[in-house]
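Here the structure is laid out as structure tokens; the discussion comes afterwards.
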Amino acid sequence: MRAFVKCILIFLVLTSSEFCSGEALLPAQILEKCTAVYKVSDTYKAEGTVVSNVEINEGKTTLETSFTLLLKKPDLYLITWSQKSGDAAIQSGAVWNDGSQRCLYMSTAKAYCPMDNDEMALGAATGVSGGVANTIPSFFLSYAAECALPFSRLTNPTLKDSEKIGDDDCFVISSPSMISKEETYWISKANFLIRKCSRSLEAPESGRAMPEMTDAQLEESVKAMGEEVTEKSKEDIKCMMDTMAKMNMKGDLTETHVSVSSPELHTKDFRYAPPEGAASMGSFGEMISSTMKNTMHSQCRVPGISMDIPTPIPDLEAVHNQYPKSTLDAALQPALAEAREKAFCSSCQNNLKQCGLVLMLYADETPDQSFPPLSPLPGTLMWVKEKVYPEYLADPVILVCPTEQAVCLQVNEEKNLEQKAKLCFNTSSYWYLGYALPDEKTGLAFAQAYRKQVENGGDFTADLKDAEDNPIYRLREGVERVFITDIHNPAGAAMIQSKLPVLIERPGHHDDQINVLFMDGHVERLTYPGAYPVSQPFIESLESLDTLRNTMTPPDEDMPAQH
Numbered sequence: 339m340r341a342f343v344k345c346i347l348i349f350l351v352l353t354s355s356e357f358c359s360g361e362a363l364l365p366a367q368i369l370e371k372c373t374a375v376y377k378v379s380d381t382y383k384a385e386g387t388v389v390s391n392v393e394i395n396e397g398k399t400t401l402e403t404s405f406t407l408l409l410k411k412p413d414l415y416l417i418t419w420s421q422k423s424g425d426a427a428i429q430s431g432a433v434w435n436d437g438s439q440r441c442l443y444m445s446t447a448k449a450y451c452p453m454d455n456d457e458m459a460l461g462a463a464t465g466v467s468g469g470v471a472n473t474i475p476s477f478f479l480s481y482a483a484e485c486a487l488p489f490s491r492l493t494n495p496t497l498k499d500s501e502k503i504g505d506d507d508c509f510v511i512s513s514p515s516m517i518s519k520e521e522t523y524w525i526s527k528a529n530f531l532i533r534k535c536s537r538s539l540e541a542p543e544s545g546r547a548m549p550e551m552t553d554a555q556l557e558e559s560v561k562a563m564g565e566e567v568t569e570k571s572k573e574d575i576k577c578m579m580d581t582m583a584k585m586n587m588k589g590d591l592t593e594t595h596v597s598v599s600s601p602e603l604h605t606k607d608f609r610y611a612p613p614e615g616a617a618s619m620g621s622f623g624e625m626i627s628s629t630m631k632n633t634m635h636s637q638c639r640v641p642g643i644s645m646d647i648p649t650p651i652p653d654l655e656a657v658h659n660q661y662p663k664s665t666l667d668a669a670l671q672p673a674l675a676e677a678r679e680k681a682f683c684s685s686c687q688n689n690l691k692q693c694g695l696v697l698m699l700y701a702d703e704t705p706d707q708s709f710p711p712l713s714p715l716p717g718t719l720m721w722v723k724e725k726v727y728p729e730y731l732a733d734p735v736i737l738v739c740p741t742e743q744a745v746c747l748q749v750n751e752e753k754n755l756e757q758k759a760k761l762c763f764n765t766s767s768y769w770y771l772g773y774a775l776p777d778e779k780t781g782l783a784f785a786q787a788y789r790k791q792v793e794n795g796g797d798f799t800a801d802l803k804d805a806e807d808n809p810i811y812r813l814r815e816g817v818e819r820v821f822i823t824d825i826h827n828p829a830g831a832a833m834i835q836s837k838l839p840v841l842i843e844r845p846g847h848h849d850d851q852i853n854v855l856f857m858d859g860h861v862e863r864l865t866y867p868g869a870y871p872v873s874q875p876f877i878e879s880l881e882s883l884d885t886l887r888n889t890m891t892p893p894d895e896d897m898p899a900q901h
């Protein structure tokens with residue numbers, strides 16, 4: 339009986355006198371009728387694809403996301419997706435509410451977790467699903483009842499020539515919107531359901547309208563990404579929103595639905611079994627942290643775009659539970675990862691520049707203008723903590739690259755300042771060389787000399803000797819003059835300083851890029867492997883020194899260090 343009543347309601351919507359003029363319908367009337375059909379429908383089933391053509395700066399890529407979609411009012415859903423670029427699989431996932439639990443599975447985390455509510459579940463899935471978790475659910479499910487529909491952002495709907503999608507003859511309505519230069523919907527003339535929708539990734543002429551976020555919404559977004567709520571983390575969210583609004587991006591996203599039906603569905607139809615081996619996690623924040631760990635060091639790349647994939651960052655707008663229409667458009671997901679990576683890399687470079695200032699201040703106040711000595715702890719390529727902290731280095735967190743989310747979170751949660759400093763020094767993302775190493779030959783000789791020094795229980799307060807008894811000089815102001823071969827070149831010293839590496843970032847934080855601080859204070863982002871100081875032999879020699887931490891008995895870490 340209930341199904342019969344539903345059929346009558348849908349029939350009345352489709353045949354109401356207001357809409358009997360067929361082709362003469364106005365765009366607003368077609369959109370209104372489409373909305374009404376979803377409102378009176380009880381179930382929805384479809385499969386299809388989302389194709390994202392993304393162009394950022396000089397990089398271009400095409401992502402294809404296959405999906406299945408099951409919906410039942412008021413709030414049951416099962417949405418699955420699988421994304422690839424060319425023949426390379428990127429990521430897959432599922433979000434579901436079977437009436438007893440709502441969960442999200444992400445292959446990038448190899449895990450699934452419970453979600454607090456439908457807004458959070460579908461919002462977190464929007465970006466990684468290519469937008470499927472938002473488009474039809476926002477018309478259909480109860481969570482979106484108080485929210486503006488996607489049609490509401492269209493600023494000037496215009497009816498184009500009809501087109502066929504499969505066997506369906508469709509109205510085609512196109513319009514600029516508050517978030518896009520142009521959005522287009524293909525709406526079936528037979529049943530007024532959306533068969534296809536497309537969205538330009540270019541911003542409208544007036545600029546992309548990003549939602550103003552309250553302080554509470556900012557905190558929710560920070561927590562959703564598994565980070566500690568601080569003024570800085572909230573400011574980072576604002577910066578990412580601004581970056582998205584200003585980003586120069588081209589391309590389009592096209593979502594196509596096929597095999598559309600409204601069958602009878604039961605609770606069991608919405609149950610989902612995560613793949614074998616998937617871990618069960620307690621919260622979304624925990625799963626996001628796991629995703630960051632799994633993907634941040636990945637060398638898998640989307641062709642043409644410098645970014646780690648798949649990105650763990652969910653659609654921020656949907657995550658803060660207020661804008662399920664998703665103004666941070668699902669297709670912007672690759673761009674958001676790009677923006678986040680650029681922000682991380684910039685922050686990492688700033689860390690190194692601050693370290694450079696710290697070292698210069700230290701050297702300026704020592705009698706021989708030397709840089710701080712290396713730690714005597716085996717395999718700890720960092721300066722002696724007590725020499726620099728806290729007099730010259732007030733905030734030791736600059737020793738940790740911001741991509742190391744777990745370490746940053748641990749540091750921020752540590753209340754004991756001394757323990758916080760020790761944690762930063764012991765887990766630094768950077769190798770401090772402490773010695774003047776102008777070329778790869780000297781760099782490799784340093785690695786051998788370092789190993790010999792720690793084996794003999796020595797410290798690093800003096801110059802070292804290589805295997806041929808040549809000196810390896812400690813870093814100090816003026817040491818560059820030792821390497822000048824042309825005494826008549828007044829710029830020689832400055833040239834040498836600009837090539838002497840002081841701090842080198844460990845590989846893996848920024849894909850195949852490594853940030854390096856040089857003695858003159860400038861920082862370069864270099865591709866690894868490349869030329870010295872990021873040549874493979876030299877980097878591997880430094881990595882081999884890291885292993886000494888676990889194989890050698892350290893001296894008393896509180897032993898006094900002398901210049």
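Those letters in the sequence shown? Residues 339 to 901, per the working numbering, in order. Glycine included, each C-beta is placed from N, C-alpha and C at the ideal position. All values derive from a computational prediction rather than experimental measurement.
Item, Value
"If the criterion is Cβ atoms closer than 8 Å, does the pair Ile517 and Pro495 meet it?", "no"
"Just to confirm my understanding: we take Ala483, look at its own chain, exclude 5 residues before and 5 after, and list those with CB closer than 7 Å. What are they?", "none"
"Please name the residue, chosen from Pro612, Val389, Lys448, that lies closest to Ser905 on a Cα-to-Cα basis.", "Coverage of the chain is limited to positions 339 through 901, which leaves residue 905 absent and any answer about it impossible."
"Please report the straight-line C-alpha distance between Ser882 and Asn853, rounded to a whole angstrom.", "20 Å"
"Considering only C-alpha positions, which residue in the set Thr522, Ala616, Arg789 is nearest to Thr885?", "Arg789"
"When you compare each of Tyr866, Ile834, Ala869 to Phe856 by their alpha carbons, which one comes out closest?", "Ile834"
"How many Å lie between Ala869 and Met720 at the Cα?", "23 Å"
"To the nearest angstrom, report how far apart Ala732 and Glu752 are at their CA atoms.", "15 Å"
"Extract the residue ranges of the beta strand (DSSP E) inside the segment 739–772, only unbroken runs of 3 or more that lie entirely within it.", "768–770"
"For Leu747 and Glu566, I'd like the C-alpha separation in whole angstroms.", "6 Å"
"By the three-class DSSP mapping on this structure, what secondary structure does Met307 have?", "Since the first and last residues shown for the chain are 339 and 901, residue 307 lies out of range."
"Secondary structure at Val640, three-state DSSP: helix, strand or coil?", "Summary for Val640: the model assigns pLDDT 30, below 50, so the residue's position carries little reliability; its value from the coordinates is reported in the next sentence. Of the three classes helix, strand and coil, the one that applies to Val640 here is coil, per DSSP."
"Would you mind sorting Lys606 into buried or exposed? The rule is 16 or more other CB atoms within 10 Å of its CB.", "exposed"
"Measure the Cβ-Cβ separation of Leu492 and Phe509 and say whether it is below 8 Å.", "no"
"Which same chain residues end up closer than 6 Å to Met625 when comparing Cβ atoms and leaving out the 5 residues on each side of it in sequence?", "Ala447, Ala449, Cys451, Met619"
"Tell me which residues share the same chain as Lys410 and place their Cβ nearer than 6 Å to its Cβ, disregarding the 5 neighbours each side in the sequence.", "Thr381, Leu603"
"So Ala701 and Arg814 are supposed to be a Cβ contact under 8 Å. How far apart are they, rounded?", "7 Å"
"Here's the rule: buried if 16 or more other CB atoms are within 10 angstroms of the residue's CB, otherwise exposed. What is Ser879?", "buried"
"Applying the 10 Å Cβ sphere with the 16-neighbour rule, what's the burial state of Leu531?", "buried"
"Might you give, ordered along the chain, the residues of its own chain that have their beta carbon closer than 8 Å to the beta carbon of Ala528, omitting 5 neighbours on each side?", "Asp506, Asp507"
"Should Gln743 go down as buried or exposed, given a rule of 16 or more other Cβ atoms within 10 Å for buried?", "buried"
"Cys508 bridges to which residues according to DSSP?", "Glu501, Ser526"
"Out of Ser621, Tyr730, Ala616, point me to the one whose CA is closest to Thr704's CA.", "Tyr730"
"Determine which residues share a DSSP beta bridge with Gly431 and list them.", "Trp419, Met444"
"To the nearest angstrom, report how far apart Ser445 and Val596 are at their CA atoms.", "25 Å"
"Do Cys441 and Met458 have their C-beta atoms closer together than 8 Å?", "no"
"Please identify the residue among Cys535, Glu557, Ser515 whose C-alpha is closest to the C-alpha of Ala541.", "Ser515"
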